[in-house]
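Novice:
Numbering (this note's numbering), first residue to last: 23 to 234.
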């Protein structure tokens, strides 16, 4: 499967690594094409998978688009690709954390994912995923010797199933947590997980894992 990742930061690196491990073709687009090219060179040195770089504004490739940019940059990105998003799956990985890291920047009763769904054109299938996983752990897809759990929310069952397959092929475990409004809880979990890094000293190397 072809997947486009918007953004060339740490989350892009981690998610792309898992996608390449699952034998998918990855296209990384960034406003700084040099930044994207540097990341692609790094990924190629670690994998023989198919990965390419480009600039934001280039054509989207594949049916899955991953928003791996800070939440403050999401609206601009959605506007840039408004004519290409209908029919595609748009994956929101953001945690809309405020500047003080003591709360979320979205109003009560909504989530970043739901706000993105409002911005996106009709026919765009928005899915929340990866926001409770840290970029560093995605490089291996494991933490504490166990596969990462990737919590997935969305209103389109087929879109969630597609993302679940991508997660599984990358060596992780997808967990369907329900409709898109569950992103409210996921983003709260994401904030809590970030906060714990400073109190536990785990250096963004921990993971949220459901065990039984």
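Backbone N, C-alpha and C fix where the C-beta goes; we use that ideal spot for every residue, glycine too. Note that this is a predicted model, so its numbers are computed, not measured.
Rounding to the nearest angstrom, what Cα-Cα distance links residue 175 and residue 45 in this structure?
Specialist: By one-based count along the chain shown, residue 175 stands at place 153. By one-based count along the chain shown, residue 45 stands at place 23. Between residue 175 and residue 45, the C-alpha separation is close to 24 Å.
Novice: Would you please state the rounded distance, in angstroms, between the beta carbons of residue 77 and residue 51? I believe it to be under 8 Å.
Specialist: Sequence index remark: in the chain shown, residue 77 carries index 55 (1-based). Sequence index remark: in the chain shown, residue 51 carries index 29 (1-based). That belief holds up - the Cβ atoms of residue 77 and residue 51 are roughly 6 Å apart, short of 8 Å.
Novice: Is it buried or exposed, residue 230, if we count other Cβ atoms within 10 angstroms and call 16 or more buried?
Specialist: The count along the chain shown starts at 1 and reaches residue 230 at position 208. Burial call: buried.
Novice: Quick one: Cα of residue 88 to Cα of residue 150, how far?
Specialist: Translated into positions along the chain shown, residue 88 becomes position 66. Translated into positions along the chain shown, residue 150 becomes position 128. If I take the Cα positions, the gap works out to 10 Å.
Novice: Is the CB-CB distance between residue 110 and residue 82 below 8 Å?
Specialist: Against the chain shown, residue 110 aligns to sequence position 88. Against the chain shown, residue 82 aligns to sequence position 60. In contact: residue 110 and residue 82 (Cβ atoms closer than 8 Å).
Novice: Short check: CB of residue 177 to CB of residue 202, under 8 Å?
Specialist: Walking along the chain shown from the start, residue 177 turns up at place 155. Walking along the chain shown from the start, residue 202 turns up at place 180. Result yes, Cβ atoms of residue 177 and residue 202 sit closer than 8 Å.
Novice: Between which two residues does the alpha helix (DSSP H) holding residue 258 run?
Specialist: Residue 258 is absent from the model: the chain starts at 23 and stops at 234.
Novice: Taking the alpha-carbon positions, what's the residue 153 to residue 139 distance?
Specialist: The residue given as residue 153 occupies position 131 in the chain shown. The residue given as residue 139 occupies position 117 in the chain shown. The straight-line gap from Cα to Cα measures roughly 16 Å.
Novice: Can you tell me where the beta strand (DSSP E) holding residue 200 begins and where it ends?
Specialist: On the chain shown, position 178 is the one that residue 200 refers to. Here the beta strand (DSSP E) through residue 200 covers 195-200.
Novice: Evaluate residue 70 with the Cβ neighbour count: other Cβ atoms within 10 Å of its Cβ, from every protein chain shown; 16 or more gives buried, anything less gives exposed.
Specialist: Within the chain shown, residue 70 is the residue found at index 48, counting from 1. It counts as exposed.
Novice: Taking 8 Å as the threshold (C-beta atoms), are residue 188 and residue 91 in contact?
Specialist: The count along the chain shown starts at 1 and reaches residue 91 at position 69. The count along the chain shown starts at 1 and reaches residue 188 at position 166. Result no, Cβ atoms of residue 91 and residue 188 do not sit closer than 8 Å.
Novice: Is it true that the segment 160-167 meets the segment 32-48, where meeting means three or more beta-carbon pairs spaced less than 8 Å apart?
Specialist: yes
Novice: Report yes if the CB atom of residue 184 is closer than 8 Å to the CB atom of residue 86, and no otherwise.
Specialist: Counting from one through the chain shown, the residue named residue 184 turns up at place 162. Counting from one through the chain shown, the residue named residue 86 turns up at place 64. Cβ distance < 8 Å, so residue 184 and residue 86 count as in contact.
Novice: Pull up the distance between the alpha-carbon of residue 124 and that of residue 155, whole angstroms please.
Specialist: The residue given as residue 124 occupies position 102 in the chain shown. The residue given as residue 155 occupies position 133 in the chain shown. Going from the Cα of residue 124 to the Cα of residue 155 covers about 19 Å.
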